[in-house]
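First the structure, in the form of structure tokens, and then the observations on it.
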Amino acid sequence: MKSRLFSVLLFIETAALLLTAGVSWYYHVNNGEDDYLCFLLPAAISAILGLILFLISKSKRSKPLESRDSYLVVTLAWVIFSLIGMFPFLLNGTVDNTADAFFETMSGFTATGSTILENIDSQPHGILFWRCLMQWLGGLGIVVFTLAFIPTVAKGSKKMMLFAAESSGLSVEKLSPRMQETARNLWIIYFILTFLCGTCYYVGPMSLFDAVCHAMTTVATGGFSTHQASIGYFNSPYIEYVTSAFMILSGINFALYFFAFTRRFDVIRKNEELKVYLVLIVCAVALFCGLFYLAPHFDGVTQQQLAKMPHGAEQTFRTSLFHTATMLTSTGYQSSIFDYDQWGIMFLIPSAFFIMIGGCAGSTAGGVKMVRIIVIYKYIKNSVKEFIHPTGMFSIKLSDQKLDETAVKRVCTFFSLFILILVVNMIILPTTDLGFEESFVSFFSCFSNFGPGSGATGPSYSFASLPDAAKWLLSLDMLVGRLEIFTVLLLFTRSFWEKK
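Here the sequence shown is numbered in our numbering, starting from 6 and rising by one per residue.
Printed below as a string of structure tokens:
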């Protein structure tokens, strides 16, 4: 069964590469660009490997996937997609080494948005489209896409485990009795949001190519752009407002859109995570507006920093809204006024906090997720109550539903592992010539699938200057963060590989 599933996944990547080759061929005919061959070779490799695995699966009796097989399949799928997907960058000469190519590709498929490119505007259309398509495929999940549109790929297996291994949050919200229909509904919502976003972009100053590419990376909350200046390239308040709106929409649990379509508004009204998410957005926008207003009155703020900040009520509000949306949804886009690094430490600290939190579970946003923050807050609150009332019985409710002890324990374990991974990174990254602050924000950025870091990896720069060791480690952080620790971590435990 694993061979068959991997073969289908490789065929999907083959189709994605061929689609990109078609886009590249169009611009070869019209603009004289010649990068289409860079996609045909990896497409052939992917197709051959997929065919071999398919024949192997046909030659032997397939067994249904077990629960632990799900974690292996999902993790290896993302690694294999990145290994094959990096070839166009190498063949085109976009990058000249494997570490850079793998970093860029892993950043794409995990919808992180960190980049080593410093010449994006000079890249051919095929490379630009491939970067955006990678993020769109990875935004909602490669395996989820497979489950949605290829019903027999994991016949007889526990599809819920495959789904859960790649999806975010405490649990997977079933939108229909069958898991395949749930996956398909989520992808239909994903398609619709992408289409609406692209249409709104195209109505503005974007070309069709830019609108399609940015729609894919906006709804995927990935942040890759066709321009080095990102959204700021267009210098358009309209585009910045549209981008902010769709980033916020993409940070909401996609299941809620299905409930809205089926008129189950009672579920939406009860959803505690959505309420906290929207309230936090309002508070964050107000916070940044206040900081921009108060900044000239602080002695520690220099004239150079003030020059990089917005001026006027509308520009201040727009910058605060965009900055909040791109941080909280881990998109990583940059507006016309974008460099939080140059605004000073009082902006960097809350920015790093919002990057860490992320959006809602069940969305394309990265980060720890809003729902886990809520559960931890309630767990701490109950622990304090237990000290005051030792004989009391306190439970944790989320959206009027009581959470079982297993769910709460997993959230606590997640945070413990998150802190452990942070400590390991803060020990290793500074040894690669990164400063402490740069290491700290770069880890948060890659683990939360946000994109830009701080200092040498900040919004005005890229990750190109990092040593290869740091790029490999941060690539692993992207994968661990996207698959939310447990899916990857289980593969490194002895018990996972022990036979029953």
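C-beta: ideal position from N, C-alpha, C; glycine also.
Just the C-alpha distance for Ser8 and Ile61, rounded to the nearest angstrom, thanks. Within the sequence shown, residue 8 is the residue found at index 3, counting from 1. Within the sequence shown, residue 61 is the residue found at index 56, counting from 1. The alpha-carbon atoms of Ser8 and Ile61 are separated by roughly 7 Å.
Could you tell me how far apart the beta carbons of Ser453 and Ile360 are, in whole angstroms, since I believe they sit closer than 8 Å? Here residue 453 refers to the residue found at position 448 when the sequence shown is read from its first residue. Here residue 360 refers to the residue found at position 355 when the sequence shown is read from its first residue. Yes, they are in contact, since the Cβ atoms of Ser453 and Ile360 sit about 5 Å apart, within 8 Å.
Tell me which residues share the same chain as Lys407 and place their Cβ nearer than 8 Å to its Cβ, disregarding the 5 neighbours each side in the sequence. By one-based count along the sequence shown, residue 407 stands at place 402. Closer than 8 Å at the Cβ level, and outside the excluded window around Lys407, lie Ser400, Ile401.
Per DSSP, what are the beta-bridge partners of Gln406 in this structure? Here residue 406 refers to the residue found at position 401 when the sequence shown is read from its first residue. Beta-bridge pairing links Gln406 to Leu403.
Residue nearest to Gly113 in terms of C-alpha spacing, selected from Asp126, Lys275, Asn124, Leu133: Working through the sequence shown from its first residue, we reach residue 113 at position 108. Per the Cα distances, Leu133.
Is the separation between the beta-carbon of Leu96 and that of Leu46 shorter than 8 Å? Translated into positions along the sequence shown, residue 96 becomes position 91. Translated into positions along the sequence shown, residue 46 becomes position 41. Against a cut-off of 8 Å, the Cβ pair of Leu46 and Leu96 comes out as a contact.
CA-to-CA distance, Leu484 to Ala20, given in whole angstroms: Locating residue 20 in the sequence shown gives position 15, counting from the first residue. Locating residue 484 in the sequence shown gives position 479, counting from the first residue. So the alpha carbons of these two residues sit roughly 23 Å apart.
Ala188 and Gly203 - do their beta-carbons sit closer together than 8 Å? One-based indexing of the sequence shown puts residue 203 at position 198. One-based indexing of the sequence shown puts residue 188 at position 183. Going by C-beta atoms, Gly203 is not nearer than 8 Å to Ala188.
Reduced DSSP secondary structure (H/G/I, E/B, other) of Leu24: Numbered from its first residue, the sequence shown carries residue 24 at position 19. In the structure shown, Leu24 sits in a helix (DSSP, three-state: H, G or I).
Name the two residues that bound the continuous alpha helix (DSSP H) containing Cys365. Mapped onto the sequence shown, residue 365 falls at position 360. Premise fails: Cys365 is in no alpha helix (DSSP H) and is neither H nor E.
Once DSSP output is grouped into helix, strand and coil, what is the label at Ala225? Here the question's residue 225 lines up with position 220 in the sequence shown. Ala225 falls in the coil class under three-state DSSP.
From the DSSP output, in three-state form, read off Leu201 for me. As a position in the sequence shown, residue 201 is number 196, starting the count at 1. Leu201: helix per DSSP, three-state reduction.
Val373, DSSP secondary structure in three states: Within the sequence shown, the letter at position 368 stands for residue 373. Val373 falls in the coil class under three-state DSSP.
Starting from Asn97, trace the alpha helix (DSSP H) both ways and give me its first and last residue. Here residue 97 is taken as the residue at index 92 of the sequence shown, counted from 1. Taken as a continuous stretch (DSSP letters only), the alpha helix (DSSP H) holding Asn97 covers 92 to 97.
For Gly486, report the span of its alpha helix (DSSP H) as first-last. In the sequence shown, the residue the question calls residue 486 occupies position 481. Element bounds for Gly486: 473 to 487.
Report yes or no: do three or more beta-carbon pairs, one from the region 211 to 226 and one from the region 313 to 323, lie closer than 8 Å? no
Euclidean distance between Cα positions of Val208 and Leu198: Your numbering for residue 208 matches position 203 in the sequence shown. Your numbering for residue 198 matches position 193 in the sequence shown. Approximately 16 Å between the Cα atoms of the pair.
Let me make sure I understand the geometry here. Which of Val79, Ser235, Met111 has the alpha-carbon closest to that of Leu88? In the sequence shown, counting from the first residue as 1, residue 88 sits at position 83. Minimum Cα distance to Leu88 is reached at Met111.
Of the choices Gly27, Ile85, Arg73, Glu38, whose alpha-carbon is the least far from that of Gly55? For the purposes of this step, residue 55 is identified with residue 50 of the sequence shown, where counting begins at 1. Of the candidates Gly27, Ile85, Arg73, Glu38, the one whose C-alpha sits nearest the C-alpha of Gly55 is Ile85.
Taking Phe423 as the reference, which of Thr80, Phe491, Leu279, Pro93 has the closest Cα? Locating residue 423 in the sequence shown gives position 418, where the first residue counts as 1. Measuring from the Cα of Phe423, the nearest candidate turns out to be Phe491.
Let me know the secondary structure DSSP gives Leu140 once reduced to three states. Counting from one through the sequence shown, the residue named residue 140 turns up at place 135. Note that residue 140 is Gln in the sequence shown here, rather than Leu. It is helical.
Which residues in the same chain have their Cβ closer than 6 Å to the Cβ of Val290, if we skip the five residues on either side of it in sequence? As a working note, residue 290 is residue 285 in the sequence shown. Hits under 6 Å: Ser325, Leu326, Thr329.
Are the CB atoms of Phe94 and Ala104 within a distance shorter than 8 Å? By 1-based counting over the sequence shown, the position of residue 104 is 99. By 1-based counting over the sequence shown, the position of residue 94 is 89. No; because the gap between Cβ atoms is not below 8 Å, this pair is not in contact.
In angstroms with no decimal places, state the Cα-to-Cα distance between Asn124 and Leu403. Numbered from its first residue, the sequence shown carries residue 124 at position 119. Numbered from its first residue, the sequence shown carries residue 403 at position 398. Their backbone Cα atoms lie some 46 Å apart in a straight line.
Flag this pair as yes or no: are the beta carbons of Thr437 and Ala474 separated by less than 8 Å? Residue 437 sits at position 432 when you count from the first residue of the sequence shown. Residue 474 sits at position 469 when you count from the first residue of the sequence shown. For Thr437 and Ala474, yes; Cβs fall inside 8 Å.
Per DSSP, what kind of secondary structure is Ile257 in: helix, strand or coil? Here the question's residue 257 lines up with position 252 in the sequence shown. DSSP places Ile257 in coil when its eight states are reduced to three.
Give every residue of the same chain whose Cβ lies closer than 7 Å to the Cβ of Arg136, excluding the five residues on either side of it in the sequence, and list them in chain order. On the sequence shown, position 131 is the one that residue 136 refers to. Gly113, Phe229, listed in sequence order.
Could you name the residues of the same chain whose beta carbon sits closer than 8 Å to that of Leu496, not counting the 5 residues immediately before and after it, in chain order? As a position in the sequence shown, residue 496 is number 491, starting the count at 1. Hits under 8 Å: Tyr76, Leu77, Thr80.
Does the Cβ of Ala265 have 16 or more other Cβ atoms within 10 Å, making it buried, or fewer, making it exposed? Stepping through the sequence shown from its first residue, residue 265 is reached at position 260. Exposed: under 16 other Cβ atoms inside 10 Å.
Quick check on the burial criterion: 16 or more other C-beta atoms within 10 angstroms. Buried or exposed for Arg487? The sequence position of residue 487 within the sequence shown is 482, counting from 1. Answer is buried; the Cβ neighbour count reaches 16.
Going along the chain, which residues of its own chain have a beta-carbon closer than 6 Å to the beta-carbon of Trp141, five neighbours each way excluded? In the sequence shown, counting from the first residue as 1, residue 141 sits at position 136. Excluding sequence neighbours, Trp141 sits near Met221, Ala225.
Do Ala370 and Gly256 have their beta-carbon atoms positioned less than 8 Å apart in this structure? Here the question's residue 256 lines up with position 251 in the sequence shown. Here the question's residue 370 lines up with position 365 in the sequence shown. Yes, the Cβ-Cβ distance between Gly256 and Ala370 is below 8 Å.
Straight-line Cα distance separating Ile432 from Leu24: Start at 1 with the first residue of the sequence shown, and residue 24 comes out as number 19. Start at 1 with the first residue of the sequence shown, and residue 432 comes out as number 427. Each residue's alpha carbon lies about 42 Å from the other.
Determine the DSSP secondary structure at Ala469, reduced to helix, strand or coil. Taking the first residue of the sequence shown as position 1, residue 469 is located at position 464. Looking at Ala469 - three-state DSSP - the assignment turns out to be coil, as it is neither helix nor strand.
For Phe468, collect the residues of the same chain with a Cβ closer than 6 Å to its Cβ; drop the 5 residues on either side in sequence, then sort them by chain order. Position 463 of the sequence shown, counting from 1, holds the residue named residue 468. Ser119, Ile121, Thr462.
At what residues does the alpha helix (DSSP H) containing Met211 begin and finish? Counting from 1 along the sequence shown, the entry for residue 211 is found at position 206. From DSSP, Met211 is part of no alpha helix (DSSP H); its letter is neither H nor E.
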